[in-house]
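A.B. asks:
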Amino acid sequence: MSTETAPALDAEQVLEFRLGEETYCVSIDYVTEIVDMGELTPIPNSPPHVEGVIDLRGNTTSIVDPKVGLGTDGDIGDRIVIFDSDIFEDERSIGWAVDSVEEVSDLDAESVDDSPIEGEHIKGLIKRESGFVVWIDPRAMDEALADEGSATDVTPDR
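End of the sequence shown sits at 158 in UniProt numbering; the numbers just go up one at a time, nothing left out.
1) Please go through the same chain and pick out, in chain order, the residues whose beta-carbon is closer than 8 Å to the beta-carbon of L19, but skip the five residues on each side of it.
2) Can you say whether K123 is buried or exposed, counting buried as having 16 or more other CB atoms within 10 angstroms of its CB?
3) Looking at the strands, I want to know which residues DSSP matches up with V104.
4) To which residues does DSSP link F83 through a beta bridge?
5) Compare the C-alpha of G52 against each of E89, I80 and I34 and name the closest.
Okay, here's the thing in structure tokens:
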């Protein structure tokens, strides 16, 4: 007699951060570093979600406000989550301005629910005692923003 079990979620760690009152997360595999907001240079006529660029050790890095893509309000955060440029199709250097970085946590299959809304940028909801954490795919969110005619590519060729 055999029993069927749900496929196991591969061991996954996520970086949890706050945008306003809500907690979100991304796979830690996508993150290269976390830095404080430095000197931000606004780019004229850039899409609404692109706050500007910073010089990060000689690399021009576009700073995106994920609140715009998620439809939430609030001022731009003062911490930046820098993503591995290899995850983006054109290998741009992108960082998200977040309000605070909370922790790196382990996921298990039982704690992840499917997203209740359509949209590939939401991978799921993680159940916590204090509420839910929204799991975001930064690649899919970048593509969704680009599809809206708002490409984040303000980084000059080097």
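Yeah, the Cβ is synthetic: ideal placement off N, Cα and C, and Gly gets one too.
Here the structure is a predicted model, which means the values were calculated and not measured.
C.D. replies: The relevant details are as follows:
1) For L19, where only same-chain residues beyond five positions count, the Cβ hits under 8 Å are P66, K67, L70, T72, G74, G77, V98 and D99.
2) By the 10 Å Cβ count, K123 comes out buried.
3) For V104, which the question treats as bridged, DSSP gives the partners L15.
4) V31, per the DSSP bridge assignment.
5) Of the listed residues, the one whose Cα sits closest to G52 is I80.
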